[in-house]
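A short worksheet on the structure shown next.
Protein chains: 2
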Amino acid sequence: MKDEKKRGRPRAFDAKAALGKARDVFWDRGFAAASLDNLSAATNLNRPSLYGAFGDKEDLYLDTLEAYRQDGMNVLAEALDQSLPLRDNLARVYAGALNIYLHGETAARGCLLIGTATVEAVERERVREVLGRSLSDFDGEIEKRMRLAVERGELPESADPQMLARLASAVMHSLAVRARAGDSRETLEAIARSGVDLICGRS
Amino acid sequence: MKDEKKRGRPRAFDAKAALGKARDVFWDRGFAAASLDNLSAATNLNRPSLYGAFGDKEDLYLDTLEAYRQDGMNVLAEALDQSLPLRDNLARVYAGALNIYLHGETAARGCLLIGTATVEAVERERVREVLGRSLSDFDGEIEKRMRLAVERGELPESADPQMLARLASAVMHSLAVRARAGDSRETLEAIARSGVDLICGRS
DNA sequence: AGAATTTAATGCGAAACGGTACAAAATATG
DNA sequence: CATATTTTGTACCGTTTCGCATTAAATTCT
Numbered sequence: 125m126k127d128e129k130k131r132g133r134p135r136a137f138d139a140k141a142a143l144g145k146a147r148d149v150f151w152d153r154g155f156a157a158a159s160l161d162n163l164s165a166a167t168n169l170n171r172p173s174l175y176g177a178f179g180d181k182e183d184l185y186l187d188t189l190e191a192y193r194q195d196g197m198n199v200l201a202e203a204l205d206q207s208l209p210l211r212d213n214l215a216r217v218y219a220g221a222l223n224i225y226l227h228g229e230t231a232a233r234g235c236l237l238i239g240t241a242t243v244e245a246v247e248r249e250r251v252r253e254v255l256g257r258s259l260s261d262f263d264g265e266i267e268k269r270m271r272l273a274v275e276r277g278e279l280p281e282s283a284d285p286q287m288l289a290r291l292a293s294a295v296m297h298s299l300a301v302r303a304r305a306g307d308s309r310e311t312l313e314a315i316a317r318s319g320v321d322l323i324c325g326r327s
Numbered sequence: 125m126k127d128e129k130k131r132g133r134p135r136a137f138d139a140k141a142a143l144g145k146a147r148d149v150f151w152d153r154g155f156a157a158a159s160l161d162n163l164s165a166a167t168n169l170n171r172p173s174l175y176g177a178f179g180d181k182e183d184l185y186l187d188t189l190e191a192y193r194q195d196g197m198n199v200l201a202e203a204l205d206q207s208l209p210l211r212d213n214l215a216r217v218y219a220g221a222l223n224i225y226l227h228g229e230t231a232a233r234g235c236l237l238i239g240t241a242t243v244e245a246v247e248r249e250r251v252r253e254v255l256g257r258s259l260s261d262f263d264g265e266i267e268k269r270m271r272l273a274v275e276r277g278e279l280p281e282s283a284d285p286q287m288l289a290r291l292a293s294a295v296m297h298s299l300a301v302r303a304r305a306g307d308s309r310e311t312l313e314a315i316a317r318s319g320v321d322l323i324c325g326r327s
């Protein structure tokens, strides 16, 4: 299924690796300020090859967002390992997020979606769709863990899993914004800890 | 102090109003995608006039961010009216934010800073500085109210005003992102209510 | 009234932009 | 080997971009 030999000249590049390089360009510059020359240089692909493989700039951007979203969901699933207590799960979610957010040469790059898709979302429906779906999928996964926590007695019966999940996500959204605003790792980690305390209870 | 007649030809436009129009363009399109032609058309100013009055595009953008920040701090101060209970204060902060965020022709425009400055913050130090200062000033104002709440017994002695303030801001950051992602007013209001409950206690 | 100063309007110009036409190269098929 | 098919690389096209140079207009100062 993978090596069905195609008819013409074979590709001289790894599409997945190229997508990663393109993603980094978008991550630093944002969609609008990332030129095809920037993307071409970073991926070592000529503009026509780029176009042939991924479509136009928006198509390429949407591909990187989708891949990023998938990666994020995988990290989330790992962090939410059900054999651990809820507190640890949340702490791992935030630690995983910060690990991604706190890269960058000049300043931390935060979250690709919150940092770069949010701007474009207003005027580009397809970007808005991916962003909305990413946020709600993330909420949904945490919500499932919250429901389990109520069943297990980690949270009181009166707890509202959906709302707690959305607030848990809210802390992460704030970490994403603050990372890009230049906040230190220490500050962000303190916010993450306090968020865990607030949502899971101080105990 | 206002009508000291200046030497040359007087301005034929209101700089403050023009700044508001320019802000709206940035709000919808973001900094990078907003062209000087867009800004010129929206403000009814020729490019040279725009340039003469505000400097280059980044200068103009920074001016709009600064004005927006000031407006936001005023709205915040009103919402935090100390004669009201903390719960009401927070609810008013979120209601005021949503009132601003839920405008827009195609999709809600969210927060100008979180929606458009976050992208540019990585590669433009001056933008990052305004964004960072805006966030921390906002945190600081809420923190003052939290301290008062502890003194008044609205919050337990054990409460950490700084962290509660940052988490209260976090909910607002999330509202800003989600508005731009297309979430409905009802959803956002529900998140705001839950945020108030979580931070002030359910009672 | 004339000089000085500031703003307004037209328009230019060099560079960067996204996207593509076209020919050469590399593979599979018949 | 010839043909079909796909990718690669160069070069280019028309548009848009930002910023400014220049001239006309409006006001104050002398």
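Chains as they are written, first to last, in our numbering: chain S, 125 to 327; chain W, 125 to 327.
Ideal Cβ placement from N, Cα and C applies to all residues, glycine included.
The model shown is predicted, which means the values in this text are computed figures rather than measured ones.
Supposed contact pair M270(S) and A241(S) - C-beta distance, whole angstroms, cut 8 Å: Position 117 of the first sequence, counted from the start, is the residue given in the question as residue 241(S). Position 146 of the first sequence, counted from the start, is the residue given in the question as residue 270(S). No, A241(S) and M270(S) are not in contact; Cβ-Cβ is about 26 Å, not under 8 Å.
Inspect the beta-carbon positions of A157(W) and E244(S) and report whether they are closer than 9 Å. Translated into the one-based positions of the second sequence, residue 157(W) becomes position 33. Translated into the one-based positions of the first sequence, residue 244(S) becomes position 120. Against a cut-off of 9 Å, the Cβ pair of E244(S) and A157(W) comes out as a contact.
Of the residues that make up the stretch 310-323 of chain S, which ones have a beta carbon closer than 9 Å to any beta carbon in chain W? T311, A314, I315, R317, S318, G319, D321, L322, I323
Helix, strand or coil for K130(W)? Go by DSSP, reduced to three states. Position 6 of the second sequence, counting from 1, holds the residue named residue 130(W). Here K130(W) sits in coil by DSSP.
Use the C-beta contact count for F176(S): other C-beta atoms within 10 angstroms, 16 or more gives buried, fewer gives exposed. Position 52 of the first sequence, counted from the first residue, corresponds to residue 176(S). Here the sequence assigns Gly to residue 176(S), which means Phe is not the residue at that position. Classification for G176(S): exposed.
In chain S, which residues lie less than 7 Å from D152(W) when you measure between Cβ atoms? Your numbering for residue 152(W) matches position 28 in the second sequence. V246, E247, listed in chain order.
Consult DSSP for E281(W) and reduce its assignment to one of helix, strand or coil. By one-based count along the second sequence, residue 281(W) stands at place 157. Three-state DSSP puts E281(W) in coil, outside helix and strand.
Report yes if the C-beta of L169(W) is less than 8 Å from at least one heavy atom of the ligand ZN; otherwise report no. Inclusion of the ligand ZN in the displayed structure is not the case, the ligand content being empty and no account of it being possible.
Anything in chain W within Cβ reach of G196(S), meaning under 7 Å, just list it in chain order. Reading the first sequence from its first residue, position 72 is the one you call residue 196(S). Residues of chain W passing the Cβ test: none, with the nearest at roughly 15 Å.
Measuring alpha carbon to alpha carbon, tell me which of S164(W), R147(W), A300(W) ends up nearest L186(W). Locating residue 186(W) in the second sequence gives position 62, where the first residue counts as 1. For the residues S164(W), R147(W), A300(W), the minimum Cα distance to L186(W) belongs to R147(W).
Is DSSP giving F137(W) helix, strand or coil here? For this step, residue 137(W) is matched to residue 13 along the second sequence. The answer is coil: DSSP assigns F137(W) none of H, G, I, E or B.
Anything in chain W within Cβ reach of V117(S), meaning under 7 Å, just list it in chain order. The structure shown does not extend to residue 117(S), since chain S is modelled only from 125 to 327, so the question has no answer here.
Distance CB(N170(W))-CB(K145(W)) smaller than 9 Å: Position 46 of the second sequence holds residue 170(W). Position 21 of the second sequence holds residue 145(W). Going by C-beta atoms, N170(W) is not nearer than 9 Å to K145(W).
Proximity of L299(S) and Y218(S) at Cβ, strictly below 9 Å: For the purposes of this step, residue 299(S) is taken as residue 175 along the first sequence, with counting starting at 1. For the purposes of this step, residue 218(S) is taken as residue 94 along the first sequence, with counting starting at 1. Cβ atoms of L299(S) and Y218(S): closer than 9 Å.
Residue nearest to A191(S) in terms of C-alpha spacing, selected from V301(S), A142(S), E247(S): The count along the first sequence starts at 1 and reaches residue 191(S) at position 67. The shortest C-alpha separation from A191(S) is found at A142(S).
I'd like to check one pair, R304(W) with L255(S): are the Cβ atoms closer than 9 Å? On the first sequence, residue 255(S) is found 131 positions in, with the first residue counted as 1. On the second sequence, residue 304(W) is found 180 positions in, with the first residue counted as 1. Yes, Cβ-Cβ distance for L255(S) and R304(W) is below 9 Å.
Quick one: does D329(W) have its CB under 9 Å from some CB of chain S? Any question about residue 329(W) goes unanswered here, given that chain W covers just 125 to 327.
Look at A203(W) and G179(W) and say whether their C-beta atoms are less than 9 Å apart. The residue labelled residue 203(W) in the question sits at position 79 within the second sequence. The residue labelled residue 179(W) in the question sits at position 55 within the second sequence. No, they are not a contact pair.
Three-way DSSP call (helix, strand, coil) for R326(S) in this model: Residue 326(S) sits at position 202 when you count from the first residue of the first sequence. It is coil, neither helix nor strand.
Using a Cβ-Cβ cut-off of 9 Å, state whether M287(S) counts as contacting chain W. As a first step, residue 287(S) is located in the first sequence; it is residue number 163 there, counting from the start. Yes - at least one Cβ of chain W is within 9 Å of the one on M287(S).
Please report the residue range of the alpha helix (DSSP H) in which S173(W) lies. On the second sequence, position 49 is the one that residue 173(W) refers to. Element bounds for S173(W): 171-178.
Using 10 angstroms around the beta-carbon of T188(W), count the other beta-carbons present and answer buried if the total reaches 16, otherwise exposed. As a working mapping, residue 188(W) is identified with position 64 in the second sequence. T188(W) is buried by the Cβ-count criterion.
Take N162(S) and list the residues in its own chain whose beta-carbon comes closer than 8 Å to its own, dropping the five residues that flank it on each side. Residue 162(S) sits at position 38 when you count from the first residue of the first sequence. For N162(S), where only same-chain residues beyond five positions count, the Cβ hits under 8 Å are V149, R153.
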